[in-house]
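Asks:
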Amino acid sequence: MVVTTMAADPGESLYSTFASRYVQTPSPGLSPSLYLSLYCGGRFKMPETAIPREAAFQIISDELMLDGNPRLNLASFVTTWMEPECDRLVMASINKNYVDMDEYPVTTELQNRCVNMIAHLFHAPIGEEEAAVGVGTVGSSEAIMLAGLAFKTKWQKKRKAQGKPFHSPTSSPAPTSRYTVCWEKFARYFEVELKEVKLRDDFYVMDPVKAVEMVDENTICFEDVRLLNQLLSDKNKETGWDTPIHVDAASGGFIAPFIYPELEWDFRLPLVKSINVSGHKYGLVYAGVGWAIWRSKEDLPEELIFHINYLGSDQPTFTLNFSRGSSQIIAQYYQFIRLGFEGYRNVIENCMKNTRALRDGIAGTGRFTILSKDVGVPVVAFSLVDAGKYTVFDVSESLRRFGWIVPAYTMPPAAGHIAVLRVVIREDFSRGLAERLVSHLCKVLAELDALPGRTAAAAHLAAADAGKAAAEEEEIATFWRRLADRRKTSGVC
Numbered sequence: 002m003v004v005t006t007m008a009a010d011p012g013e014s015l016y017s018t019f020a021s022r023y024v025q026t027p028s029p030g031l032s033p034s035l036y037l038s039l040y041c042g043g044r045f046k047m048p049e050t051a052i053p054r055e056a057a058f059q060i061i062s063d064e065l066m067l068d069g070n071p072r073l074n075l076a077s078f079v080t081t082w083m084e085p086e087c088d089r090l091v092m093a094s095i096n097k098n099y100v101d102m103d104e105y106p107v108t109t110e111l112q113n114r115c116v117n118m119i120a121h122l123f124h125a126p127i128g129e130e131e132a133a134v135g136v137g138t139v140g141s142s143e144a145i146m147l148a149g150l151a152f153k154t155k156w157q158k159k160r161k162a163q164g165k166p167f168h169s170p171t172s173s174p175a176p177t178s179r180y181t182v183c184w185e186k187f188a189r190y191f192e193v194e195l196k197e198v199k200l201r202d203d204f205y206v207m208d209p210v211k212a213v214e215m216v217d218e219n220t221i222c223f224e225d226v227r228l229l230n231q232l233l234s235d236k237n238k239e240t241g242w243d244t245p246i247h248v249d250a251a252s253g254g255f256i257a258p259f260i261y262p263e264l265e266w267d268f269r270l271p272l273v274k275s276i277n278v279s280g281h282k283y284g285l286v287y288a289g290v291g292w293a294i295w296r297s298k299e300d301l302p303e304e305l306i307f308h309i310n311y312l313g314s315d316q317p318t319f320t321l322n323f324s325r326g327s328s329q330i331i332a333q334y335y336q337f338i339r340l341g342f343e344g345y346r347n348v349i350e351n352c353m354k355n356t357r358a359l360r361d362g363i364a365g366t367g368r369f370t371i372l373s374k375d376v377g378v379p380v381v382a383f384s385l386v387d388a389g390k391y392t393v394f395d396v397s398e399s400l401r402r403f404g405w406i407v408p409a410y411t412m413p414p415a416a417g418h419i420a421v422l423r424v425v426i427r428e429d430f431s432r433g434l435a436e437r438l439v440s441h442l443c444k445v446l447a448e449l450d451a452l453p454g455r456t457a458a459a460a461h462l463a464a465a466d467a468g469k470a471a472a473e474e475e476e477i478a479t480f481w482r483r484l485a486d487r488r489k490t491s492g493v494c
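For the sequence shown, the working numbering gives the first residue as 2, with consecutive numbering after it.
#1: Just to confirm, are A148 and H247 a CB contact at a threshold of 8 Å?
#2: So F259 is in the alpha helix (DSSP H); what residue range does that whole segment cover?
#3: Can you tell which of V386, I426 and H124 has the C-alpha that lies nearest to the C-alpha of R360?
#4: Quick check on DSSP: helix, strand or coil for V381?
#5: Measure from the alpha carbon of T320 to the alpha carbon of each residue in S141, E239, Y287 and A250, then state which is nearest.
#6: Would you call the region 330 to 344 and the region 76 to 92 in contact, with 3 or more CB pairs under 8 Å?
#7: Who does R423 pair with in a DSSP beta bridge?
#8: Would you mind sorting A472 into buried or exposed? The rule is 16 or more other CB atoms within 10 Å of its CB.
#9: Going along the chain, which residues of its own chain have a beta-carbon closer than 8 Å to the beta-carbon of I363, five neighbours each way excluded?
#10: If we count the other Cβ atoms within 10 Å of its Cβ and call it buried at 16 or more, is N355 buried or exposed?
#11: In angstroms with no decimal places, state the Cα-to-Cα distance between S431 and R339.
#12: Taking the C-alpha atoms as reference points, what is the distance between L195 and E64?
#13: I want to know whether the region 237 to 247 touches the region 107 to 121 - three or more CB-CB distances under 8 Å.
#14: Taking the alpha-carbon positions, what's the G289 to E129 distance?
#15: Report the rounded CA-to-CA distance for G254 versus A435, giving the unit in angstroms.
#16: How about N70 and G433: do their beta carbons lie closer than 8 Å?
#17: Please name the residue, chosen from K238, F342, L90 and W295, that lies closest to L150 on a Cα-to-Cα basis.
#18: Are V445 and L422 closer than 8 Å when you measure CB to CB?
#19: Over the uninterrupted beta strand (DSSP E) stretch that includes S399, give me the two end residues.
#20: Evaluate R325 with the Cβ neighbour count: other Cβ atoms within 10 Å of its Cβ, from every protein chain shown; 16 or more gives buried, anything less gives exposed.
#21: Apart from the five residues on each side of it in sequence, which residues of its chain come closer than 6 Å, Cβ to Cβ, to L301?
#22: Is the Cβ-Cβ distance between V136 and A293 less than 8 Å?
#23: Using a threshold of 7 Å, is the CB atom of E448 nearer than that to any non-hydrogen atom of the ligand SAM?
#24: Could you pull the start and end residues of the alpha helix (DSSP H) that F187 belongs to?
#25: Could you tell me the alpha carbon to alpha carbon distance between G284 and T80, rounded to whole angstroms?
#26: Could you pull out every unbroken beta strand (DSSP E) segment of at least 3 residues lying fully inside the region 127 to 161, listed in chain order?
#27: Between which two residues does the alpha helix (DSSP H) holding Y334 run?
#28: When we look at the beta-carbon of P166 and count the other beta-carbons within 10 Å, is it buried (16 or more) or exposed?
#29: Compare the beta carbon distance of I95 and S328 with 8 Å and say whether it is the shorter of the two.
#30: Can you tell me whether P71 is helix, strand or coil according to DSSP?
#31: Report buried or exposed for T109, applying the criterion of at least 16 other Cβ atoms within 10 angstroms of its Cβ.
#32: Return helix, strand or coil for V91, following the three-state DSSP convention.
#33: With DSSP collapsed to three states, give me the class of A409.
#34: Which two residues bound the contiguous beta strand (DSSP E) that contains P317?
#35: I221 to E350, Cα distance in whole Å?
#36: Do S397 and L449 have their beta-carbon atoms positioned less than 8 Å apart in this structure?
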């Protein structure tokens, strides 16, 4: 949920650019736009009466014109394109409520197939005919909440059985720059102490050694992976603890299996008990769909699963919300059977090729330092070599003139002096777009170079202010001199 604020005067009214096509003016002195404005009411109150559907459509279309182009939104990992056939499936199922499992059993079956496909992709220890343990969610954020609750519940049960306090678990996730706000939400909403592994210069990912050093007997989980599994296994043996690992694979979960198959990060590691992955990122489905997968039934406490029957039959459910659409589940299944392993690998490999092309183009300007690694997700993060004259925030703002949405931000506190630009490469970002972005970036740099630097501009303003002050002082002094001269020549005797 986004906290709503009023951006304009509540008294302002809606109107349509082409109102005269849909509304007949009731009075010769009243324009169609003004009539529709009065007819529809204010922007922040529901109108008293209905308006023609064409007018409603036009009003909203006019407003949406000022939104950015999703294809040029390079800030987001979220999928912005699917094939027309998949779009048709989405529209055909948009009125199906996913929780009505008895009414829509095939949709439920498709979700179960997706869970099993993902579990096998992540090397869950299940047989060919054995059902995997997992749920579809509205995104990785909900999946993280569910996985965290499962860890917390298991930890509390164990502490209760041991007669120990069970009210203050801790969680040690990824570093401050690498995890999304949902981890903070999980900690705050479900009363879990969040331990953060701080970043430092030239080390912008989690340090596994420092992460394990922060683990104590109250730690319920932490993220990232093979070395952590080894270090944590050693610590568990030394202390008698049983700290598990949750892998936040929101983006990487649909990347690593296809282009880094030898990388051990999933259920091949014995301490990995749950994994979340986003279907609407590199799962290639529109927002929002995510998945939470558990290693086995023992890792998902039974008391967290609710059984309801008021929709017609017994339905087990483990979600934070209830009603949700079926479209994204169906779209995910479409992508799985449409692309298969080979298709996903081709898509991700192409993303990586375009990432390298963009990185080389940006590095070729000689104006930026590339901070992102060659191996990983398709992202290019870069900072200015010389930020004395202008900043990455100026570059980001200037790129918007060409339609590009490229975010600029500072790193977390320990590396807060570093400001970066970041470009996410999705399936719909082509080599041609990469070349065009570099071209526009060069134009922006040339324009910013031609402007006075921030220091020079500040000095110019200071000099102008000083000159103005000096002129005012001279004017005042001249006034008093003239007044004094008049007094000398106008005396009486």
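Ideal Cβ placement from N, Cα and C applies to all residues, glycine included.
Replies: Looking at the coordinates:
#1: Yes. Within cutoff.
#2: In the DSSP assignment, F259 falls within the unbroken alpha helix (DSSP H) covering A257 to I260.
#3: The shortest Cα separation from R360 among V386, I426 and H124 belongs to I426.
#4: The DSSP-derived three-state label of V381 is strand.
#5: Comparing Cα positions, the closest option is S141.
#6: A contact exists between the region 330 to 344 and the region 76 to 92.
#7: Answer is A382, bridged to R423.
#8: The residue is exposed, with fewer than 16 neighbouring Cβ atoms inside 10 Å.
#9: Taken in chain order, the residues that qualify are F369, I371, V381, F383, V439 and L442.
#10: With 16 or more other Cβ atoms inside 10 Å of its own Cβ, N355 counts as buried.
#11: When rounded, the distance between both Cα atoms is 21 Å.
#12: Note on geometry: alpha-carbon atoms of L195 and E64 lie some 41 Å from one another.
#13: Contact check between the region 237 to 247 and the region 107 to 121: fewer than three CB pairs, one atom from each, fall below 8 Å, which does not count as touching.
#14: Between G289 and E129, the C-alpha separation is close to 29 Å.
#15: Spanning the alpha carbons of G254 and A435 requires a straight line of approximately 25 Å.
#16: Remark: C-beta atoms of N70 and G433 do not approach each other more closely than 8 Å.
#17: Among K238, F342, L90 and W295, the Cα nearest to that of L150 is on W295.
#18: Inclusion of V445 and L422 in the CB contact set at 8 Å is not warranted, their separation being larger than that value.
#19: Going by DSSP, S399 is part of no beta strand (DSSP E) but of the alpha helix (DSSP H) stretching over V393 to L400.
#20: If you draw a 10 Å sphere on the C-beta of R325, you find 16 or more other C-beta atoms in it, and that means buried.
#21: Apart from the 5 residues on each side of it in sequence, L301 sits with its Cβ closer than 6 Å to the Cβ of V134, A151 and W295 in its chain, given in chain order.
#22: A contact, by the Cβ cut-off of 8 Å.
#23: Absence of the ligand SAM from the depicted structure is noted, as is the absence of any ligand whatsoever, leaving it without description.
#24: Boundaries of the alpha helix (DSSP H) around F187: V182 to Y190.
#25: Those two C-alpha atoms are separated by around 8 Å.
#26: Here the runs fully enclosed are 134 to 138.
#27: Residue range S328 to G365 is occupied by the alpha helix (DSSP H) that includes Y334.
#28: Answer is exposed; the Cβ neighbour count stays below 16.
#29: One thing to note: I95 has its Cβ within 8 Å of the Cβ of S328.
#30: Residue state, collapsed to three classes: helix.
#31: By the 10 Å Cβ count, T109 comes out buried.
#32: The DSSP-derived three-state label of V91 is helix.
#33: Three-state DSSP puts A409 in a strand.
#34: Segment Q316 to T318, the beta strand (DSSP E) holding P317.
#35: Confidence at I221 is low in this model, with a pLDDT of 43, below 50, so the placement of that residue should be treated as unreliable; the coordinate-derived value is given next. C-alpha separation (whole angstroms): 35 Å.
#36: Between L449 and S397, the CB-CB gap reaches or exceeds 8 Å.
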